[in-house]
Each structure stands twice: as C-alpha cells, then as structure tokens.
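Here is the structure we will look at, set down as structure tokens.
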Amino acid sequence: SIYVYLKQWYQRRVRGNPLKLRYQIRNVRERIAKNLVEKGILTTEKQNFVVFDMTTHPLMDQAQKQQIIRKIQDTLLTRWVNDPQRIDKRALGLVYLAHASEVLEQAFSCLSDDDYDLAMKRVRELLDLDPDVEASKEGADEVFWGVVASFFK
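Below, the structure written as structure tokens:
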C-alpha cells in the first residue's frame, strides 16, 4: 500500500543519513515561509543578532493566526468525535503539526482550566493512536497516517 511505501521511503532516507533530516526540515521551513510570504500572510525581515544576521518571517495579520487557533480549539472541544477517521483531515493535520511545532500550549493559553485540560487530554489521545492501525482501517487515508507515522515514530 502507499502508506507502507511512504513510511519505508522516509525511514530509508533518515536512516541512510540522519544528518540530512535537519537539512530537509530546514528546506521545508524555507519553502513554507516563502509560500506564506507570497500569499501575504508573512513578511520577510532581516534581524541582527550580535554576531550574525537572521531572516525572520513575522505575521502581517494576526487574524490568520487567530483563525487557525480557533480551528484547532474547535476541533478538540466543540467538534470532537471519538473516531479520528471522522475528524476533518485538515483540522486533524493542524493539531498534529501544532504539536510537532510545540505551539499547542500557546494556542490553549486563552482557554479556561477545564477546557485546557480537556483539549490536552484529547491531544494525548490522538498522539497515543497507532498510525499503522489507523491506516489499516476501512476508508482510512493511508497517506495522512503515513505522514503522521513519519513524524511521531
């Protein structure tokens, strides 16, 4: 299946040369930042950090950020279903990406204590899922679960 193929391809590339992973991730970040600049969501600025210059990409409009935060919160709180196969794949992908980027704490900072605890419990449930099992279920998106497996295994 395509899930197994993608998982094996990714693991071969990382196992073949683990030092390439950091390079690949940096290239992905640069491409994503470039696309977001082209769409007008981010800007490009040069900042001087004592010894070296660094390119940063601050947000142009906070509304986009708030919209994404609301979508993550809604997915985990108001639109939650116990079956991950029935959760919108884009929203589910946002949750996984936010976790991998370590920004969930920030996204949940405005929630009440009870909502925060509930959202974090549901994130933990999603992270505890076995992508291999989820990919093998009928109607599952194998590519999606292959990507999840490559990030979290």
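Residue numbering for the sequence shown is 31 to 183, as defined by my numbering. All C-beta atoms, glycine included, are put in the ideal place defined by N, C-alpha and C.
Excluding five sequence neighbours on each side, which residues of the same chain lie with their C-beta closer than 7 Å to the C-beta of residue i?
i, result
"residue 178", "126, 161"
"residue 134", "128, 153"
"residue 171", "119"
So, with DSSP's three-state summary, where would you put residue i?
i, result
"residue 132", "coil"
"residue 150", "helix"
"residue 168", "coil"
"residue 85", "strand"
"residue 110", "coil"
"residue 118", "coil"
"residue 182", "helix"
Buried or exposed: where does residue i fall if 16 or more other Cβ atoms within 10 Å of its Cβ makes it buried?
i, result
"residue 105", "buried"
"residue 128", "buried"
"residue 175", "buried"
"residue 122", "buried"
"residue 164", "buried"
Measure the beta-carbon distance from residue i to residue j and round it to whole angstroms, keeping in mind my assumption that it falls under 8 Å.
i, j, result
"residue 115", "residue 169", "6 Å"
"residue 97", "residue 149", "Wrong, their Cβ atoms sit about 17 Å apart, outside the cutoff."
"residue 101", "residue 124", "6 Å"
Counting only the same chain and skipping the five closest in sequence on each side, list residues whose C-beta sits under 8 Å from that of residue i.
i, result
"residue 71", "89, 90, 91, 94"
"residue 87", "63, 66, 67, 72, 73, 74, 75"
Cutting at 6 Å between CB atoms, please list the residues of its own chain near residue i, excluding the five before and the five after it.
i, result
"residue 147", "none"
"residue 221", "There is simply no residue 221 to check, as the chain begins at 31 and stops at 183 in what is shown."
"residue 77", "84, 86"
"residue 181", "130"
Subject >> Continuous alpha helix (DSSP H) assignments of at least 4 residues falling wholly in the stretch 55 to 81 >> reply: none
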